[in-house]
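> Under my numbering, the first residue of the sequence shown carries the number 1, and numbering increases by one thereafter.
Just so it is clear, CB atoms sit at the ideal spot from N, CA and C, and this is done for glycine as well.
Here it is, the structure, as structure tokens.
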Amino acid sequence: MNLPDIFPNVFAPAVCAVTIAGIHKFLGWSLLVSAAVGFIPGLIVGYLLSFVLVYVSMSVADLFRGRRGRD
Numbered sequence: 001m002n003l004p005d006i007f008p009n010v011f012a013p014a015v016c017a018v019t020i021a022g023i024h025k026f027l028g029w030s031l032l033v034s035a036a037v038g039f040i041p042g043l044i045v046g047y048l049l050s051f052v053l054v055y056v057s058m059s060v061a062d063l064f065r066g067r068r069g070r071d
């Protein structure tokens, strides 16, 4: 398993969760509330983003190989 296989499944949800929690913390919420509010939406957004990243990267790879779309 190489890095592109691991990235969408692990790092994208984690980055989104931390980002959303950080935004709430910046707005003045307590750290615990920020983590609770940011964690679940962050995971949901992160997983959706990871599927988009995988689809786009596979489409771009197909274009560079000279094929349009998937067989």
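Among the candidates Val56, Ala35, Ala61 and Asp62, whose CA atom is the shortest distance from the CA of Cys16?
When only C-alpha atoms are compared, the closest one is Ala35.
> Can you give the beta carbon distance from Ser37 to His24, rounded, assuming they're within the 8 Å contact cut?
First, the amino acid is wrong: residue 37 is Val here, not Ser. So it is a contact: roughly 5 Å between Cβ atoms.
> Could you compute how far the alpha carbon of Phe64 sits from the alpha carbon of Ala14?
Those two C-alpha atoms are separated by around 30 Å.
> Whole-angstrom Cβ separation of Phe39 and Ala61, contact assumed at under 8 Å?
Contact doesn't hold; Cβ gap of about 32 Å is too wide.
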